[in-house]
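Going by the working numbering, the first residue of the sequence shown is number 1, and it counts up by one from there. Each residue gets a CB set at the ideal place from its N, CA and C atoms; glycine is no exception. A short write-up of the structure that comes next.
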Amino acid sequence: MSLGNKAYEEMGKFTMSFIESAEWHETVVNLSFASEIKGDSRWPSGTNMASGTIYMHPGGKGHGKWRGILTTKDGEMVSWNGIGRSKMVGNRRKGIMLISFMTKSEKLSWMNSVICVHEVDTDMREFTGISHEWE
């Protein structure tokens, strides 16, 4: 796997969470968040609104599915979907995601063929992330 140029940095806060289920083998948590995206080079900056589900397992590992909408500073809209894995490191959750993008914007149509690798660090209230294009 080869990571390309840094695409963007992200800073955000979880806005809503609830436990969907809690069983001996996994706890299912639904989350929503809002974040600011700071694009590098050709990547747009803007605001992001998203939600997803984390399936947390004994030992601190988990996996999740996410979806959201990025509204750029120019008013363009980009939807995205991501899947990821995470683990507890001390009292923080660290994760890695693969994210794909979809847009009808002609200006940003190049994003339709991009997959990013996104690294996340969170205390489950606030989070930071860095994405790189996967080449």
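Can you tell me the Cβ-Cβ gap for residue i and residue j, rounded? I've got them flagged as a contact below 8 Å.
i, j, result
"Arg93", "His63", "About 12 Å separates the two Cβ atoms, so there is no contact after all."
"Leu98", "Gly82", "6 Å"
"Gly60", "Met88", "3 Å"
From this set, the options, which residue's C-alpha is nearest residue i's C-alpha?
i, options, result
"Met11", "Phe18, Asn5, Ser17, Gly46", "Gly46"
"His132", "Thr72, Ala50, Arg42", "Arg42"
"Phe14", "Asn48, Val117, Ser105", "Asn48"
"Glu143", "Pro44, Asn5, Tyr55, Glu20", "With the chain covering only 1 through 135, there is no way to say anything about residue 143."
"Glu126", "Ser32, Ser21, Trp24", "Ser32"
"Trp24", "Asn112, Thr122, Leu70, Pro58", "Pro58"
"Met124", "Thr72, Lys73, Asn91", "Asn91"
"Asn112", "Trp80, Ala50, Ala22", "Trp80"
"Lys65", "Ile115, Ile19, Ala50", "Ala50"
"Arg67", "Pro44, Met102, Asp74, Glu106", "Met102"
"Pro44", "Val120, Thr72, Thr122", "Thr72"
"Ala34", "Val120, Leu70, Asp121", "Leu70"
Taking C-beta to C-beta, are residue i and residue j nearer than 9 Å?
i, j, result
"Ala7", "Gly52", "no"
"Glu76", "Ile37", "no"
"Ile96", "Val78", "no"
"Ser17", "Asn30", "yes"
"Ser2", "Trp134", "yes"
"Val114", "Ser105", "no"
For residue i, which three-state DSSP category applies?
i, result
"Met77", "strand"
"Trp110", "helix"
"Arg125", "coil"
"Gly46", "strand"
"Ser177", "Nothing can be reported for residue 177, as the shown portion of the chain is limited to 1 through 135."
"Lys87", "strand"
"Lys61", "coil"
"Thr103", "coil"
"Glu133", "strand"
Exercise. What are the uninterrupted segments assigned as beta strand (DSSP E) that are 3 or more residues long and contained completely in the region 4-57, given in chain order?
Worked result: With a minimum length of 3 residues, the continuous beta strand (DSSP E) runs that stay inside the region 4-57 are 27-39, 46-56.
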